[in-house]
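*Asks:* Let me begin by handing over the structure; questions about it come next.
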Amino acid sequence: WLGPFIASTFGFSTFFKCIAVAFYQYPDGVDNNLKTFVLWFIAIPEPVLAKGKLIRLTGQEVVHSIGLLILKILGLSVVLSFYRSVGVYPSEFVGGPETWYAPLINGFVHLWFLYLFAAFCLDFSRVSFSLLFRARFEAGFRNPLLASRSLRECWGLRWDLPVQVMLKRSVYVPIRKAGGGRKMATVFTFLASGMLHEYNFSIHNAAVYEPGKVMIFFIIMGFMILVEDLILNACPGYIRRLAEKTPTPIISTLLILLAASPFESLFIKSWFEAGVVNATTEMFPHIFCQKK
Numbered sequence: 044w045l046g047p048f049i050a051s052t053f054g055f056s057t058f059f060k061c062i063a064v065a066f067y068q069y070p071d072g073v074d075n076n077l078k079t080f081v082l083w084f085i086a087i088p089e090p091v092l093a094k095g096k097l098i099r100l101t102g103q104e105v106v107h108s109i110g111l112l113i114l115k116i117l118g119l120s121v122v123l124s125f126y127r128s129v130g131v132y133p134s135e136f137v138g139g140p141e142t143w144y145a146p147l148i149n150g151f152v153h154l155w156f157l158y159l160f161a162a163f164c165l166d167f168s169r170v171s172f173s174l175l176f177r178a179r180f181e182a183g184f185r186n187p188l189l190a191s192r193s194l195r196e197c198w199g200l201r202w203d204l205p206v207q208v209m210l211k212r213s214v215y216v217p218i219r220k221a222g223g224g225r226k227m228a229t230v231f232t233f234l235a236s237g238m239l240h241e242y243n244f245s246i247h248n249a250a251v252y253e254p255g256k257v258m259i260f261f262i263i264m265g266f267m268i269l270v271e272d273l274i275l276n277a278c279p280g281y282i283r284r285l286a287e288k289t290p291t292p293i294i295s296t297l298l299i300l301l302a303a304s305p306f307e308s309l310f311i312k313s314w315f316e317a318g319v320v321n322a323t324t325e326m327f328p329h330i331f332c333q334k335k
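The opening residue of the sequence shown carries number 44 in this note's numbering; numbering runs sequentially from there.
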């Protein structure tokens, strides 16, 4: 499972960066020299540039990046220990798999697993490139499951930033420059994200994936963001003030629950059926407790 996952990831990255080169949408200074261009083209996440030059990495940044990587490993170890010892569907032990809230419970836990795994992959790549080139690289995620106060903020500013940058550069910005509105650009960006993930899932979940499901998921997410914008614009002042006083982790948790059900049925299900748990348990330390 892991080999096709890595191959498909670099496949879509290569595709979007070729589009960026073809339409001159790459960052300023990337083409100053061959080394910088090649590094930008192959690296996920991308290097941080200042006037076309790589920014030198500080010792404090190295320690911070390695610390975040260790946290992801510890988090994955805990989740995988739960999966291996108890089961991959928590709802089976809280009311049963047929209850109305089963997708919420399963989706909540599985979304955390996906975040920890994807963030580990990007953090590992970031640390490796940083140490190899002694340069600063962009973040992979910005704490989306604990620091987001809206779906738009989560998807646009915090979740899987390398993909967001590629989509913004290749889809969102060109539409806005062509005169398209914010809503139109948002819808087409989510459609492009859906097609990107259709490609990905058809490779690393090939044996079990049902084509079209992940596209439906991203259409739902785009629609939910548009509805969220309408609700926020129509909210009375006292509700806005109440929301502003609500701690961010609480709002983030409510957002996760809002997306949990479509995420569970349309996005992550094929991952588990394709063997993501077996693949990741071979990579990370975990505890396996078995009843006698």
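Note that CB positions come from ideal geometry on N, CA and C, so glycine has one too.
Would you report the Cα separation of S245 and G280, rounded to the nearest angstrom?
*Replies:* Taking the sequence shown and counting its residues from 1, one reaches residue 245 at position 202. Taking the sequence shown and counting its residues from 1, one reaches residue 280 at position 237. Near 46 Å, if we compare the C-alpha coordinates of G280 and S245.
*Asks:* Give me whichever residues DSSP pairs with R99 in a beta bridge.
*Replies:* Sequence index remark: in the sequence shown, residue 99 carries index 56 (1-based). DSSP lists A178 as partners of R99.
*Asks:* Drop a sphere of 10 angstroms on the beta-carbon of N149, count the other beta-carbons inside from all chains shown, and report buried for 16 or more, exposed for fewer.
*Replies:* Position 106 of the sequence shown, counted from the start, is the residue given in the question as residue 149. N149 is buried by the Cβ-count criterion.
*Asks:* For D166, which of Y242, F266, P88 and V64 has the nearest alpha-carbon?
*Replies:* Taking the sequence shown and counting its residues from 1, the one referred to as residue 166 is at position 123. Residue P88 is the option with its Cα nearest to D166.
*Asks:* Tell me the residue span of the alpha helix (DSSP H) that contains E271.
*Replies:* Taking the first residue of the sequence shown as 1, we reach residue 271 at position 228. Run containing E271: K256 to A277, per the alpha helix (DSSP H) assignment.
*Asks:* Looking at the secondary structure, which residues open and close the alpha helix (DSSP H) in which L142 lies?
*Replies:* The sequence position of residue 142 within the sequence shown is 99, counting from 1. Note on identity: in this sequence residue 142 is Thr, with Leu being the wrong assignment. No alpha helix (DSSP H) contains T142, which DSSP labels as neither H nor E.
*Asks:* When the Cα of T324 is compared with those of L123, R212 and N248, which residue comes out closest?
*Replies:* One-based indexing of the sequence shown puts residue 324 at position 281. The option with the nearest alpha carbon to T324 is L123.
*Asks:* Among A50, Q333 and F55, which has the Cα closest to the Cα of H240?
*Replies:* Within the sequence shown, numbered from 1, the residue matching residue 240 stands at position 197. Comparing Cα positions, the closest option is F55.
*Asks:* Pull up the distance between the alpha-carbon of L174 and that of L112, whole angstroms please.
*Replies:* Taking the sequence shown and counting its residues from 1, the one referred to as residue 174 is at position 131. Taking the sequence shown and counting its residues from 1, the one referred to as residue 112 is at position 69. The C-alpha of L174 lies about 14 Å from the C-alpha of L112.
*Asks:* Tell me the residue span of the alpha helix (DSSP H) that contains L210.
*Replies:* As a working note, residue 210 is residue 167 in the sequence shown. Boundaries of the alpha helix (DSSP H) around L210: L204 to L210.
*Asks:* Can you look up P90 in the DSSP assignment and give me helix, strand or coil?
*Replies:* Start at 1 with the first residue of the sequence shown, and residue 90 comes out as number 47. It is a strand residue.
*Asks:* Answer yes or no: does any C-beta atom of chain B fall closer than 7 Å to that of S108?
*Replies:* Among the chains of the structure shown, chain B does not appear; only one protein chain is present.
*Asks:* Classify W198 as helix, strand or coil using the three-state DSSP reduction.
*Replies:* Here residue 198 refers to the residue found at position 155 of the sequence shown. Note: W198 maps to helix in three-state DSSP.
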